């Protein structure tokens, strides 16, 4: 059976001309491929859309064509994607297109009607919340974020009395993370604790299979596998308790939404019928990233329904969260297509790249050609767009990792620095790494080369040197056994202990373990008994040893006599140990402060803010400390009852987690962004560098080992996508040797699966570049003793003639630059030139002091006090504008830059003013109003409206009855205006853009389209300002919003109107002429100049 759409009076040409403002020269008619997708039959249809192939534009055209040409009502169309950012962009483009067609008379009906566009999770949440009572759940359950989930599971672990936990020999943070993984895997796969425990009990019997030889020797791989599986019930028990605590507290996670929605739909046909009636046409974006649970839910609701699924199996890189390239292959089976016989179901393709130049496509196609899905029906190689430039793919393969980082920095400098300006937007660049641990190294190289750069994502932030120092200091203050963190502080730039002294301190800690409180040696039997204890150690914590030594040093100084405990320490160590000990004591005294306050205090005590500000080579690092303070504030807001230990454990897990979701940011002109390849999905830059293209890194070695035979993993056969995973037929083994051989085969299949996943990552990385791609690697680094091998991907590209052949490694041993005996230790904090200059200045000061005579000691002390007071004042006033700031702060920045910059540099928790709290509540209510299904937004329940998202404004828990009464008055006033009855293009959208050398973060309240013009609206709950000066200050924020929206959409600023809506008084202030970019940049420059003039160094 085939389907033919009825002839339509509105053609693709009519639509294209209307969208081009009736200018034939700007018309973009659909390509033949796009036309097939747009006119796909009203049945489950699959679209294979390669990277950069214009899938978003095609989805918009599909929706517009259904409405304009086929008479489908906009509200009957549902569009789902993964992130709120992507949903907002798709919704915005659809609404702008429909508004344009309405103005041309091609679309009639309600001008406020719009398709529903939201995220997969938001859709599942709506299904759940509207029908939760059908399965005995509460519809107003609060969604927990990652921080809250981690803190809750951590509290479950701490409260557990399960004696088996001690057998795990893991830190609290690791147990928490593993238990959380198990809990989510059980929920995603609808697994019960009984099913998991039954599997473990059955698998345990493999330990009874015959062993090796006549001695029946057990096979170590088998006994290890049994031991690992024996731990699973421990994590399952924690997972069960975690689910209980969530239910008790009225909390749910995203995975719960999908599971509960699937349960509702499976058991209630009426719900499914209503959803199918409401959503006559469905579009599923990024379908390759859906989990098995999501596909089952959607298949249950929309099986044999007009569904258009768009995706690219070659970009399926989120297997760690349940996504599988097999989703695309199984689509027609999951959605039960009956329009055509098997093998002839509607499948289309978008195979022209509108992003990449030709040579870049050659590289991407080459690396993807060996993927298993490359031969699937409908999957073809990407082709170049008409008129595409040649583009370049370059290779740099120096000897060492440091040389590699410098090569990347030089390449970026030549393409980014000094390019563009004025009316020409500077180019954008990105450095994409497989693992985030090397992001700081490449960021430092870019900084040395004078290239503006920013590490994107929390993981990169946490690995920056200044934040690592901060984390170590906080851990030392919280945990007296944090030896590794203490050693970093000792050998770091602040104290610069030599390795010999560190060894002496460590040796003393071991000696102290064998002494009693009187310092007498312990008897042999006592020492033996201590070693037999499960918690017995051969050394005391290094902190205790340091405290012991500081006491001895001060005592020896008072007595002026030698101390046998101190003879092996250097003179420098004797001077520095008391200082380190005093610092730790001060940190511990303050560790009971609220989390955010303690972070700020630690930065001050450590002098980290002064250190990074004084570093002329990387002033941007100040922003890393600011961002960490913000992260701490977010954690404290999400979990107000969590302690410092919970925060540090969460930070530890976040720092080691390389599986990043796509970042919610856009390319930044004139700045090189550094992020993981996982985080780059959906983004594009002019120039992209992909370093570390060596075996073991890109592609990386499999961390799964034996797959499900590892801690905290669910056996594959219990998972819903077991058919997509390697099988271990362990029940067929008749001996332990047989099973061990099967495990070897399993490991090889898992390695092959990992290789495919790495190949998809390379494909994603390469296709992020528009014009030029740089692939780099190096043989040697201080991290690895043996040289790395050239990546398989590099070899394949060289064999295909796409890049040059990398130079061979000619060294048998590491280069001298990496040799241990050539490394100066402790590391010198200054270069030789700077060290010499500082020394000269110090000598000059000492000489001047030596020649001066001040007979009055009291006067001497008074001068010291005056100098100290001046220094204190200098420290307070020497501040800089932050590199990133919110648009809402711009007015204060230009009117009182010193005050607002100080507040932004070191935000302190403070109780919000009542009007601020009411304003927050009102904005959340308006967002929820516009997010109703008939508007096309994400449905928000009341719990989400008054949740903890507005952390920067503090908790709303203090809202009084009077506050809610005032909120009701504002709501009534708002409903009396025309605005509630209009359909916004976007609501509460965050957009970033560059102003001068700063990044402005704009959270726009709402944007509307009216009579062919755009209206940027800002809701105000205060009084209408009086006086021109006050009104001018108010419009500054809207000026930034207008500029941000213009750059975000490409719409000229002169087509955008700015509107201030004072809700309380029902008054609108339309700004006839807003401040332009040049004037905004001048105001910002004046603010910076004012700060410089007020600085002591000016």
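Residue numbers (our numbering): 2 to 1099.
Just so it is clear, CB atoms sit at the ideal spot from N, CA and C, and this is done for glycine as well.
Quantities reported herein were computed from a predicted structural model and do not represent experimental measurements.
Query - residue 103 versus residue 116: straight-line alpha-carbon distance, rounded - result: 15 angstroms
Query raised in the report: If we ignore side chains and look at the alpha-carbon of each, how far apart do residue 404 and residue 779 end up?
Result: 8 angstroms
Report task. Take the Cβ of residue 23 as the centre, count every other Cβ of all protein chains shown within 10 Å, and call the residue buried at 16 or more, exposed below. Result -> exposed
Query raised in the report: Are the beta-carbon atoms belonging to residue 651 and residue 429 less than 8 angstroms from one another?
Result: no
Requested in this report: Mind checking who residue 454 pairs with in its DSSP beta bridge?
Outcome: 673
Query - residue 7 to residue 71 span [Cα, whole Å] - result: 8 angstroms
Query raised in the report: Count the other CB atoms within 10 Å of the CB of residue 624; is the residue buried (16 or more) or exposed (fewer)?
Result: buried
Requested in this report: Round the Cβ separation of residue 678 and residue 762 to the nearest angstrom and send it over; I've been treating them as touching at under 8 angstroms.
Outcome: 5 angstroms
Requested in this report: Verify whether the separation of the beta carbon atoms of residue 1035 and residue 1061 is less than 8 angstroms.
Outcome: yes
Query raised in the report: Mapping DSSP to helix, strand and coil, what is residue 86?
Result: helix
Report task. Let me know if residue 75 comes out buried or exposed under the rule of 16 or more other beta-carbons within 10 Å of its beta-carbon. Result -> buried
**Report entry** Inter-residue spacing [alpha-carbon to alpha-carbon] between residue 431 and residue 397
**Finding:** 16 angstroms
Query raised in the report: On the three-state DSSP scale, how would you describe residue 1004?
Result: strand
Query raised in the report: When you compare only the Cα positions, how much space is there between residue 647 and residue 308?
Result: 44 angstroms
Report task. Starting from the C-beta of residue 942, find all residues in its chain whose C-beta is less than 6 angstroms away, skip the five residues before and the five after it, and write them out in chain order. Result -> Below a pLDDT of 50, predicted positions are generally treated as unreliable, and residue 942, at 35, falls in that range; the measurement from the model is reported next regardless. Taken in chain order, the residues that qualify are 130 and 141.
Report task. Note down the Cα distance separating residue 627 from residue 565, rounded to an integer number of angstroms. Result -> 46 angstroms
Report task. Out of 1029, 1014 and 1068, point me to the one whose CA is closest to residue 1052's CA. Result -> 1014
Report task. Have a look at 356, 976 and 674 and flag the residue whose alpha-carbon is nearest the alpha-carbon of residue 931. Result -> 976
**Report entry** Helix, strand or coil at residue 156 according to DSSP, with G and I counted as helix
**Finding:** helix
**Report entry** Per-residue burial, residue 1090 [other beta carbons within 10 Å of its own, 16 or more giving buried]
**Finding:** exposed
**Report entry** Cα-Cα separation between residue 1038 and residue 385, rounded to whole angstroms
**Finding:** 42 angstroms
Requested in this report: Kindly indicate the opening and closing residues of the beta strand (DSSP E) around residue 350.
Outcome: 348 to 351
Query raised in the report: Just reading off the beta strand (DSSP E) that residue 120 is part of, what are its end residues?
Result: 117 to 120
Report task. Have a look at residue 735 and residue 213 and give me their C-alpha separation to the nearest angstrom. Result -> 12 angstroms
**Report entry** Reduced DSSP secondary structure (H/G/I, E/B, other) of residue 144
**Finding:** strand
Query raised in the report: Based on Cα-Cα distance, which residue from 568, 547, 560 and 576 lies nearest to residue 586?
Result: 547
**Report entry** Proximity of residue 118 and residue 135 at Cβ, strictly below 8 angstroms
**Finding:** no
Report task. Could you spell out where the beta strand (DSSP E) holding residue 430 opens and where it closes? Result -> 430 to 434
Query raised in the report: Taking the continuous beta strand (DSSP E) assigned at residue 686, which residues delimit it?
Result: 686 to 691
Query raised in the report: Anyone know if the C-beta pair for residue 993 and residue 1006 falls short of 8 angstroms?
Result: no
Report task. Could you name the residues of the same chain whose beta carbon sits closer than 6 angstroms to that of residue 695, not counting the 5 residues immediately before and after it, in chain order? Result -> 778, 789 and 792
Query raised in the report: Going by Cα to Cα distance, which pick from 688, 595 and 682 is closest to residue 642?
Result: 595
Query raised in the report: Does DSSP put residue 785 in a helix, a strand or coil?
Result: strand
Requested in this report: Figure out for me which residue from 747, 445 and 478 has the closest Cα to the Cα of residue 593.
Outcome: 478
Requested in this report: Quick one: grab the DSSP three-state call for residue 970.
Outcome: helix
Query - Spatially closest choice to residue 439 from 322, 689 and 402, by CA coordinates - result: 402
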